[in-house]
Structure formats: structure tokens, C-alpha cells
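Below: one structure, written as C-alpha cells.
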């Protein structure tokens, strides 16, 4: 392995460590008190000094002999640290995004405050608040928000509701795919012209879901059904931003 490669690996660990500790602190996770920055700086300096000694030739025979196998051992340890940091970073990033181990439950409808949120009662998890994945329906006060909620209620009260959940949002709702005997709730709302395909989170959707929701929305737009009867309906995420700025949305 070249000297440049080893130094590059040390620098990568230094960069990763700068992100891992602040994220652990943000999430309230335990962390060590050792300064990784100082330790890595010392490791880098020591490696450079050893390599200079190695290149000095006969002037430092003892240093040359003692250092012969150190780069290999150091590189193995360094790669181990990098692997651990990358794995830890992935786990911490998932926690920050609210992702969790997917689970599936079947329950009965309890209530719905709007067109893409509902509560169901399950045998194992009790009352679960669900945010329907893949779509976005009008906010309270927007045109068609009551129509979207009525559609959701009619769709989920006729049979048991099965939810496949994979994430928790900032409001502690479970983000789930929702199915009943009538089919996919998200697809039903988009097809009826009562929801937008939520492209902001389309990376969390399967290719089939992305294609289905996009096509259903396009068809509803062309047919001018539901909220697409309006000349310029405001997307819910725009409405939320407008309200945060203290203004009204339609």
C-alpha cells in the first residue's frame, strides 16, 4: 500500500469523525470523551515521521527495522476504524431520518383528522397514528381537504386496515403504506384527484409506486377531477410554508 493511500485513509476517518460526534450529540446518544481529532492528528504526524525515517536510509537503521511492518498493521487497524465509522454513520443517519425496522399490522379504523392521516387500533401495538406514505392531501382549510378526509374514511371503514410502516416522522406518526380490501389507499386518493404524488420522498417509494402515483396524478389532472377542477390548486407543502410565514393559503 502506498504512503499516499494510508494518509488518505487517515484523512477520511478524520472527516467522518467530525460528522459522527455532532450527530450522536444531537440524537442524545452516548459518546466517548476522547478527542478523535487530536488522536487522528497524532496518528497522521507519527506516520509521516516514520516514513521520513524510512526514507533516510542508513542514518536510522533501528527506526527502519522497527518500522518495517508497522504500516501494514496500522493500515489494518485504520481500515477497521473506517468500516466501523461508515457502519455507525449509516445507522445514525437512519435514526436521524426516523427510519426503523419495517413492521406490518392489521387493525380497525378509529379516526382521521385529514385526508392522509388516520388512527387505527391494533391488537399488538394498540392505537397507532398513521401518515399515509407516498402522497400529500390538502391541508386544513384548503379546498377539498374535507372531501379527501371523507374519501379516506369511506375507504378504511369498510374492512380491516393493514399498514406496512418503516419510518416515524417529526410528529411521531408512523409513515406507512395502507391497504384495505379495496386496495391501496394512496393510489385511490391520487386517482380520485384528492392528493398529490409526494415526490419529495419518492426515494422511499418503489419504482412501481412512483410510476403508479405519477400516472394516476397525470390522469386526474387531464380529466380535471377532484381538486384539479381548480385553475391553480396550491400544493400542501407550499401551503405549509406560506402559513409558517404568517400568510394565508387557499
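Residue numbers (my numbering): -15 to 234. Beta carbons: idealized from backbone N, C-alpha and C, even for Gly.
Rounded to the nearest angstrom, how far is the Cβ of residue 175 from that of residue 211, given a contact under 8 Å?
-> At roughly 13 Å, the Cβ-Cβ gap does not stay under 8 Å, so residue 175 and residue 211 are not in contact.
Ordered along the chain, which non-local residues of its own chain (more than five positions away) have a Cβ less than 6 Å from that of residue 221?
-> none
Nearest to residue 92 (by Cα), restricted to the options 142, 119, 169 and 179 | 142
Ignore the nearest five residues each way along the sequence and tell me which others in residue 231's own chain have a CB closer than 6 Å to its CB.
-> none
Where does residue 166 land, buried or exposed, given buried means 16+ other C-beta within 10 angstroms?
-> exposed
When you compare only the Cα positions, how much space is there between residue 138 and residue 105?
-> 17 Å
Can you tell me whether DSSP reads residue 150 as helix, strand or coil?
-> strand
Taking 8 Å as the threshold, find out whether the stretch 198 to 208 comes into contact with the stretch 154 to 162 through three or more Cβ pairs.
-> no
Which first and last residues belong to the beta strand (DSSP E) in which residue 129 is found?
-> First-last for residue 129: 129 to 141, but that is the alpha helix (DSSP H), not the beta strand (DSSP E).
How many whole angstroms separate the CB atoms of residue 219 and residue 127, which I take to be in contact at a CB cut-off of 8 Å?
-> Not confirmed; about 12 Å, so no contact.
Among the residues of its own chain, which have a CB less than 7 Å from the CB of residue 122, if the five just before and after it don't count?
-> 99, 128, 129, 132, 211 and 220
Among the residues of its own chain, which have a CB less than 7 Å from the CB of residue 108, if the five just before and after it don't count?
-> 89
What does a CB cutoff of less than 8 Å around residue 152 pick up in its chain, not counting 5 residues either side in sequence?
-> 82, 84, 158 and 159
How should residue 163 be labelled, buried or exposed, when 16 other C-beta atoms within 10 angstroms of its C-beta is the threshold for buried?
-> buried
With 16 as the cutoff for other CB atoms within 10 Å, does residue 161 come out buried or exposed?
-> buried
How many angstroms separate the CA atom of residue 102 from the CA atom of residue 120?
-> 13 Å
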